[in-house]
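Listed in order, the protein sequences are those of chains X and D. Counting from 1, one number per residue, gives the positions in the first sequence under the numbering used here. Counting from 1, one number per residue, gives the positions in the second sequence under the numbering used here. Virtual Cβ for every residue (Gly too), placed ideally from N, Cα, C. None of the values given here were measured: they were computed from a predicted structure.
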Amino acid sequence: MNKTFLIKSLFGTLLFLAGSFNQATAHGQAAVTFSDIIVPEAPPTAVVMVAYMQIKNNTDQDKTISQISSTQFKRVEIHKMNMANGMMKMKKLDTLTIKAQQTIVLESGGIHVMLIKPLKPLKHNDPVTLTFKFASGESTMLNTRVQRTH
Amino acid sequence: MTQPKKTNNLILIAVAIVSIAVGVLVSQKLIKTPVPIPENLSATLLDKAKPLHNFELIDHNNKPFNLNSLKGNWSFLFFGYTHCPDVCPLAMQVMRKVWQAAELKTAIASDMQMIFISVDPNRDTPTLLKSYAQYYNPAFIGVTGKANEIDNITKQIGILYSLDKADKNGDYAVGHSGQIILIDPQGNMRAVFSPPLNPKSITRDFIAIKKWLEDNR
Ligand SMILES: [Cu+2]
Chain X
1 MNKTFLIKSL FGTLLFLAGS FNQATAHGQA AVTFSDIIVP EAPPTAVVMV AYMQIKNNTD
61 QDKTISQISS TQFKRVEIHK MNMANGMMKM KKLDTLTIKA QQTIVLESGG IHVMLIKPLK
121 PLKHNDPVTL TFKFASGEST MLNTRVQRTH
Chain D
1 MTQPKKTNNL ILIAVAIVSI AVGVLVSQKL IKTPVPIPEN LSATLLDKAK PLHNFELIDH
61 NNKPFNLNSL KGNWSFLFFG YTHCPDVCPL AMQVMRKVWQ AAELKTAIAS DMQMIFISVD
121 PNRDTPTLLK SYAQYYNPAF IGVTGKANEI DNITKQIGIL YSLDKADKNG DYAVGHSGQI
181 ILIDPQGNMR AVFSPPLNPK SITRDFIAIK KWLEDNR
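Laid out in structure tokens, this is it:
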């Protein structure tokens, strides 16, 4: 194993950890924590993918996600499924607010992060990086991997 | 004059026995007691089978897909679009699990077919539908067609859908019903599975409905 490789892997690990320990507060606890992140694998020609997760606001102020972006997709949007006139339909949300000390669950049939037009097809175990931008100015990077669900 | 009376009685008894026997035979042959409708179904079983009339769609190999394509097998139909990231993949996963559960009992899977019908033919080409359907199971069939023929089958079945106007990126969402529809091998609509779709209860209900219809044949 050469030195460059070691440094690169260390750097990669640090980046990954940085993504996990997002938004540390003054008390050392993250202001917003992400968990149960799932990006299910989609059929090979799929032009849309989705991300589900739980987002917990550990602060006493509401937190608003104003934008989610990724260099791996043409566009990333926040969508909510609605049942109207007997039909399920998704609607774009401009922002997503997590109330103080509350957890919001993004799951199938509810709210999802819509990953539109992957620039390269993504298969099981491929890494995915999403950047969450908050209305208050901070941003958080989230690293996960595509997961086959069957 | 006791002799004729005795004969009369014997004749009466004989007639009675014969008529009872005939009655029992006739009731067994003609008035076959119907097997009761299976209980505790989570599916909605139609009171009366609804025969479908013909429609003309195309499958993912560009071959005609019409009413005849539904005959001879139990068909599970789901209506959606491949640009759907949430509801449709979930329904396809459910169909995959039902298929797998049935495959364990080969006698059941051998006369089943799982069909994904796209209501968004402008974006869902047969090629795209093939890779989509077969991602879930190589035996699954993707189907689409002209809008008026999609309307033909969705109206018969009671499936709703609506296409949004395209946004500045040319993208649009499609609203659609979330039910899985069960069609019998004669081409009659038989049952509706509504969300939340549970593969275990769909498999159980399907086996019960199939057995009920076979017992009543
Ligand atoms: Cu969406």
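Any non-hydrogen atom of ligand 1 within 7 Å of residue i CB
{"i": "D:D111", "result": "no"}
{"i": "X:H79", "result": "yes"}
{"i": "D:P89", "result": "no"}
{"i": "D:P85", "result": "yes"}
{"i": "D:H176", "result": "no"}
{"i": "X:M177", "result": "Here chain X covers residues 1 to 150 and nothing more, so residue 177 of chain X does not appear."}
{"i": "X:M88", "result": "no"}
Contacting residues, own chain, Cβ-Cβ under 6 Å from residue i (five flanking each side not counted)
{"i": "D:L70", "result": "I183, G187"}
{"i": "X:K133", "result": "S66, Q67, S139"}
{"i": "D:G80", "result": "C88, H176"}
{"i": "D:S162", "result": "G175"}
Distance between residue j and residue i (C-alpha atoms, nearest Å)
{"i": "X:I78", "j": "X:L93", "result": "5 Å"}
{"i": "D:K105", "j": "X:A31", "result": "52 Å"}
{"i": "D:A139", "j": "D:K130", "result": "10 Å"}
{"i": "X:F73", "j": "X:N143", "result": "14 Å"}
{"i": "D:T125", "j": "X:T59", "result": "48 Å"}
{"i": "D:N219", "j": "D:T144", "result": "Not covered by the structure: residue 219 of chain D. The range shown for chain D is 1 to 217."}
{"i": "D:L45", "j": "D:A91", "result": "19 Å"}
{"i": "X:F21", "j": "D:K97", "result": "Note on X:F21: pLDDT 45, under 50, position unreliable in the model; the coordinate value appears next. Distance between the alpha carbons of X:F21 and D:K97: 37 Å."}
{"i": "D:T33", "j": "D:N216", "result": "9 Å"}
{"i": "D:S194", "j": "D:Q93", "result": "15 Å"}
{"i": "X:A24", "j": "X:A84", "result": "With a pLDDT of 49 at X:A24, under the threshold of 50, the modelled position of this residue cannot be trusted; read the value that follows with caution. Rounded to whole angstroms, X:A24 to X:A84 spans 40 Å at the Cα level."}
{"i": "D:D111", "j": "D:S75", "result": "9 Å"}
For residue i, the three-state DSSP class (helix, strand or coil)
{"i": "D:I37", "result": "coil"}
{"i": "X:A135", "result": "coil"}
{"i": "D:K130", "result": "helix"}
{"i": "D:N169", "result": "coil"}
{"i": "X:L10", "result": "Model confidence at X:L10 stands at a pLDDT of 47, short of 50, so the residue's coordinates are unreliable; what they give is reported in the following sentence. Helix at X:L10."}
{"i": "D:Y81", "result": "coil"}
{"i": "D:Q93", "result": "helix"}
{"i": "D:P199", "result": "helix"}
{"i": "D:A101", "result": "helix"}
{"i": "X:Q54", "result": "strand"}
{"i": "X:N22", "result": "Note that X:N22 scores 47 on pLDDT, short of 50, meaning its location in the model is unreliable; the coordinates nonetheless yield the value given after this. Coil."}
Beta-carbon neighbours of residue i, restricted to chain D and to distances below 8 Å
{"i": "X:G137", "result": "Those do not exist, as X:G137 stays about 27 Å from chain D at its closest Cβ, beyond 8 Å."}
{"i": "X:H112", "result": "P85, D86"}
Contact list for residue i against chain D, beta-carbon separation under 7 Å
{"i": "X:H150", "result": "Q93, R96"}
{"i": "X:P118", "result": "Under the 7 Å cutoff, chain D gives no residues; its nearest Cβ is about 12 Å from X:P118."}
Neighbouring residues, chain X, relative to residue i (Cβ below 9 Å)
{"i": "D:P89", "result": "P40, A42, P43, A46, V50, S108, T149"}
Chain X contact residues for residue i, given Cβ-Cβ distances below 7 Å
{"i": "D:G178", "result": "M88"}
Within chain D, partners of residue i - CB distance below 9 Å
{"i": "X:M81", "result": "D86, V87"}
{"i": "X:N85", "result": "L160, S162, G175"}
Chain-ordered neighbours of residue i on chain X, where CB pairs are closer than 8 Å
{"i": "D:S131", "result": "P43, P44, T45"}
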